[in-house]
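Note that the UniProt record's numbering has the sequence shown beginning at 1, numbered continuously upward. What follows is one structure encoded as structure tokens, with my remarks underneath.
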Amino acid sequence: MKRNTTVAEKDKKRKDTPTPEEQKDMIVVKGARTHNLKNVTVGFPRNKFIVVTGVSGSGKSSLTIDTLFAEGQRRYAESLSAYARQFMARMVKPDVDYIKGLCPAIAIEQKVITRTPRSTVGSMTEIYDYLRLLYARAGKTISPISGKEVKKDDVTDVVEDIKQLPEGMRVVILVAFKQHDNRDVKEELNILMQKGFSRMYIRGREEAPELLRIEELLEMDEKELKKKIPAKPKAAAKSKTAKAKTEEDENATDKKAGSHIYLLIDRVVTKEFEEDDIHRLSDSINTAFYEGEGEVLLEINGKELVHYSNRFELDGLTFEEPVPNLFSFNNPYGACPTCEGFGQVLGIDEDLVIPDRRLSVYEGAVAPWKGEKLGLWRDQFVKGARSIDFPIHKAIADLTPAQYKLLWNGNGSVYGIRDFFKEVEQNLYKVQYRVLLSRYRGRTTCPECGGSRLRKEALYIKIDDRNIGELCEWQVKDLQQWFANVPLTEHQQQIAKRILLEINQRLQTLVDVGLGYLTLNRLANSLSGGESQRIQLTRSLGSNLTNSLYILDEPSIGLHSRDTERLISVLKQLKELGNTVVVVEHDEMMMREADHIIDMGPLASHLGGEVVAAGTYDELIADDNSLTGKYLKGELTIDVPRQPRKWKSSIVVEGARQNNLKDVTVTFPLNVLCVVSGVSGSGKTTLVKQVLYPALKKLKGEPADKVGFHKAIKGDLDSISQIELVDQNPIGKSSRSNPITYIKAYDDIRDLYSRQPLAKMRGFQPKHFSFNVDGGRCDTCKGEGEQIVEMQFLADVHLTCEVCGGKRFKEEVLEVHYKGKSIYDVLEMSVDEAIEFFGEEKNLVKAIQPLHDVGLGYIKLGQSSDTLSGGEAQRVKLASFLGKGKSQGHIMFIFDEPTTGLHFHDIKKLLSSFRALIEQGHSLLVIEHNTDVIKSADWVIDLGPEAGDAGGNLVFAGIPSELKNIKESYTGKFL
């Protein structure tokens, strides 16, 4: 495509640059030059839903994340004091003339933002924080012994009870007389007098109550006083339970006398109490609670005794008072002391003890119960099984939860697996037992908290008979149902009104963005990038910010078309709050719903970086410059193969039951393009990445993660020489790693330069043309091309290396030229330029060509790997396999959503790369939601029909054209 017109001329011609009048309601970016942007000037209409699209590498992220968001963040940071800024990540000023009308910016990227095992879905969305507050304020503490509610009385309760009594009642406020250790009765009475008390009250069992002045008691001799108040026995045993303690305090009495001795606090006669009376009554009861160490008695009309306690006790147990920190597993006060709030401990790993759940106990499912000596444990269990009605011939996988528990815990008649390990632990002084135990140790659910991460006191507090740990194990959609119908008392409703509003709003958003299948205790580091991004979106919506700029990087990743519809409504909701929502996106559905579209291009890398078209959906379609518009109106299309390929051999996974899979048996054909589809959370990743992939790796004798539960894997296993999972993990984390070193093409370039006449004269070897080893690279910057000066609270200053001028190599190495270009010039070339430049070097072109074939012709040869997106990294891996050709044998490739970050134009290239791999004799298995890829497949496996519990079934397996006839399939509807 010829580029004769300058950017400025095009701006005049197309009027993409907003007029001063239009700029009033816009965020205007003037002269953006970050990465490949060519002095771009563009306007983002305020309070609108804007989609930025364009081919991969055209500069979408450079414009939105690296320019708009970076400047928003930097301005916020600059507004803080110098002291605060020194603790923040330092902000780099983007290369832009100015940005006018910028509001506070929030970027929601598709990175898994946390790696800590303490972070969960509940804590990331803040739902768990509101749950903690709800349980602390509206929860009821239930005793695990009697099942009764634990209550404590306070001053108000006692005052209210007195006010409710009929007029004219005589009420005496009393506390039990306590004689402390190392004090005799007279000492105790003296202290009470000094405190201002004047009377004791003695209640006998038969005779009428007796009122005695403390002065009189002190004047009595020892014998007489003993009759009235018996002394406490010297060697009194300490009471063990709270109940026993209370009885001892209350009685403080000689059994023969059978009387109770109390300190009289106050006396009142019930009437229409005035405010002064209420104050006096409250003071007296407060004093009584203090003197009685939490216990108060009211005697009514000389007969009835009513007991009050402000201690949180029942059934002999003292309970913890509900406070938010009691429910926090990140706080030492609330965390389970055994697992310290992680929910897992190092213990006996059930999967190691029973590695194959397809076997029965009789067939030797329990791995340690083998051999002459240890096999006796299995024999005793088999013999005793009849007495406990245990099915010894039933596969472990088919046991009921009760039977499985019996196998582990045993009972009076037989010993279980735990008894076996108890004996092993008793013999740890013998080396063979230590070796045996180490073989079966691993991460296992904490036995103390059952994985809830909280101390048991927190789980006694319930709402509608459910504790907070149970709620966290439910799927979000079930939790939403529970909150919609939870029965609360009027008092609880008043407390919880605002909290429930926040919880329900966040749960609704999670369901709306297609995450209703997650549980609140799901670890944040186990989420995919797309799930993580949509959870951050939930948090942003919950905060109800207005007049902000939200920038989302492909939020539809990992989303089925059904869930994309819901996501769009959530984004519109964000816009309606008064925010500007900018989405970097390739999804056609998103573009149709957008208020404004900015199309970057025309192509990628150095051929991109311009605004090709801007306007509404209809304006984009009408614009002949827009490549996206041509695909949207059907002028350009992704060709679907006329006839699906036939297949002869396959691999069959039988009885997969991992996570939500419902005992499914699935056939995966070989030597074709097979796509696994279904709504988010339907079980695709579980089936492919947790069952099939590790199981095939293990069958090939290669190390693999834990294999998900299934009955068997059958089929043509011998025809596959290796299994490759091509995911979106970075290809290299260092700034030195780049695409051509990854595909091993840089070796050929270094060889070529070392063969040049000047290189031979100077004795240069291939290593002299590497910036990773000493020799040819610049000694000052060590081949980095720049030096970083740390500036404490200001942004780090990246200075071009003074010695090599940013060219990474020594002057004498740069003097070696091939066709007039130095090694530095070659690293600065794009893949497409390099193919043209090295045209005569057939082997070198053949090595670089796969990068062009997978749609990465725009990236520079020396581009740092850490600047590649997830989708680009995945395609570099694909290119490395394409380059190896047929020499590798028959590989089964597993791709996890390879269309991530791909424009229609790039998907077309990707599909041709897939065809090339199949022609080389390989098999492709792709997890995908993109309808163009599903249509191009030879075989489709559709899981669902819903997510979570309602998913995990095989809805359809066959050729794509037949899928649209399946009513239950959501994928079929969108095809």
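Virtual Cβ for every residue (Gly too), placed ideally from N, Cα, C.
* Could you check if P898 is buried or exposed, using at least 16 other CB atoms within 10 Å of its CB as the buried criterion? => Answer is buried; the Cβ neighbour count reaches 16.
* Under the rule that 16 or more other beta-carbon atoms within 10 Å means buried, what is P669, buried or exposed? -> Buried.
* How many angstroms separate the CA atom of N190 from the CA atom of L218? -> Taking the straight line from one Cα to the other gives about 8 angstroms.
* Where do the ends of the alpha helix (DSSP H) carrying Y83 lie? -> For Y83, the enclosing alpha helix (DSSP H) covers residues A82 to R85.
* Inter-residue CB distance, residue 999 and A77 (contact presumed, cutoff 8 angstroms) -> This structure leaves residue 999 out entirely; the chain is present only between 1 and 975.
* Asked: In the structure shown, what three-state DSSP assignment does K256 receive?
  -> Per-residue confidence for K256 stands at a pLDDT of 35, beneath the threshold of 50, marking its modelled position as unreliable; the derived number appears in the next sentence. In this structure, K256 counts as coil in the three-state DSSP scheme.
* To do: Determine the burial state of H768: buried for a count of at least 16 other Cβ atoms within 10 Å of its Cβ, exposed for fewer.
  => H768 comes out buried.
* Which runs of the alpha helix (DSSP H) spanning at least 4 residues fall entirely within the segment 159 to 203, listed in chain order? -> If you keep only unbroken alpha helix (DSSP H) runs of at least 4 residues inside the segment 159 to 203, you get 185 to 194.
* Asked: Quick one: Cα of I265 to Cα of S543, how far?
  -> Going from the Cα of I265 to the Cα of S543 covers about 53 angstroms.
* Asked: Alpha carbon to alpha carbon, how far is D181 from E188?
  -> Approximately 10 angstroms between the Cα atoms of the pair.
* Asked: Which of helix, strand or coil does DSSP assign to Q658?
  -> In the structure shown, Q658 sits in coil (DSSP, three-state: anything other than H, G, I, E or B).
* For Q508 and G343, the rounded distance between their alpha carbons -> Rounded to whole angstroms, G343 and Q508 show a C-alpha spacing of 27 angstroms.
* Thinking C-beta only, is D587 closer than 7 angstroms to S556? -> Note that the C-beta distance between S556 and D587 is below 7 angstroms.
* Asked: Among E585, N547 and K575, which one has its Cα closest to the Cα of T564?
  -> Nearest Cα to T564 within the set E585, N547 and K575: E585.
* Asked: Among T667, N47, H35 and T41, which has the Cα closest to the Cα of D25?
  -> Comparing Cα-Cα distances from D25 to each of T667, N47, H35 and T41, the minimum goes to N47.
* Asked: Opposite W939 in the DSSP bridges: which residues?
  -> Paired residues: C674.
* Quick one: what's got a C-beta closer than 8 angstroms to T580's C-beta in the same chain, skipping five residues either side? -> Around T580, the same chain offers I27, F44, P45, R46, N47, K48, I50, C103, S548, L549 and Y550 as residues with beta carbons nearer than 8 angstroms, after the five sequence neighbours per side are excluded.
* Asked: When the Cα atoms are used, what is the spatial distance from Y693 to D464?
  -> Cα to Cα, Y693 sits roughly 43 angstroms from D464.
* Asked: Is the segment 862 to 873 close to the segment 608 to 619, with three or more CB pairs under 8 angstroms?
  -> These segments do not touch.
* Asked: Can you check whether the CB of Q787 is closer than 7 angstroms to the CB of C804?
  -> No, the Cβ-Cβ distance between C804 and Q787 is not below 7 angstroms.
* In or out: S626 buried (at least 16 other Cβ within 10 Å) or exposed? -> When all chains shown are included, S626 counts as buried.
* Asked: What are the partner residues of Q787, as DSSP defines its beta bridges?
  -> Answer is L799, bridged to Q787.
* **Stretch-stretch touch, CB-based, cutoff 8 angstroms, three pairs: the segment 813 to 823 with the segment 754 to 761** => Yes: at least three Cβ pairs fall under 8 angstroms.
* Asked: Residues bridged to S650 by DSSP?
  -> S650 pairs with P669.
* Among residues of its own chain, excluding the 5 on either side of I499, which ones have a beta-carbon nearer than 7 angstroms to its beta-carbon? -> Its chain contains Y130, L133 and L134 as the residues whose beta carbon lies nearer than 7 angstroms to that of I499, once the 5 sequence neighbours on both sides are disregarded; these appear in chain order.
* Does the beta-carbon distance from C449 to V345 come in below 7 angstroms? -> In this structure, C449 lies away from V345, with their beta-carbon atoms at least 7 angstroms apart.
* Asked: Shortest alpha-carbon distance to R183 belongs to which of A231, N485 and Y83?
  -> Relative to R183, the option among A231, N485 and Y83 whose CA is nearest is A231.
* To do: Out of H260, V476, T444 and F420, point me to the one whose CA is closest to R203's CA.
  => Nearest to R203 by C-alpha distance, out of H260, V476, T444 and F420, is H260.
* Asked: What whole-angstrom Cβ distance do E299 and L263 have, given they're in contact under 8 angstroms?
  -> About 13 angstroms; that fails the 8 angstroms criterion.
* Of the listed residues L607, G608 and K630, nearest to D618 (C-alpha basis) -> The candidate whose alpha carbon is nearest that of D618 is K630.
* Asked: CA-CA distance, M590 and T931?
  -> Rounded to the nearest whole angstrom, the CA to CA distance from M590 to T931 is 14 angstroms.
* Along the beta strand (DSSP E) that carries M26, what are the first and last residues, could you check? => In this chain, the beta strand (DSSP E) harbouring M26 covers M26 to A32.
* Could you tell me the distance, in whole angstroms, from the CA atom of L882 to the CA atom of R434? => Each residue's alpha carbon lies about 49 angstroms from the other.
* **Nearest-angstrom Cα separation, counted from F709 out to R357** => Rounded to whole angstroms, the separation of the alpha carbons of F709 and R357 is 8 angstroms.
* Going by the CB atoms, is the gap between L673 and F914 shorter than 7 angstroms? -> Their beta carbons are under 7 angstroms apart, which means F914 touches L673 by this criterion.
* With a threshold of 16 other CB atoms inside 10 Å of the CB of Y858, please say whether the residue is buried or exposed. => Y858 is classed as buried because its beta carbon has at least 16 other beta carbons within 10 Å across all chains shown.
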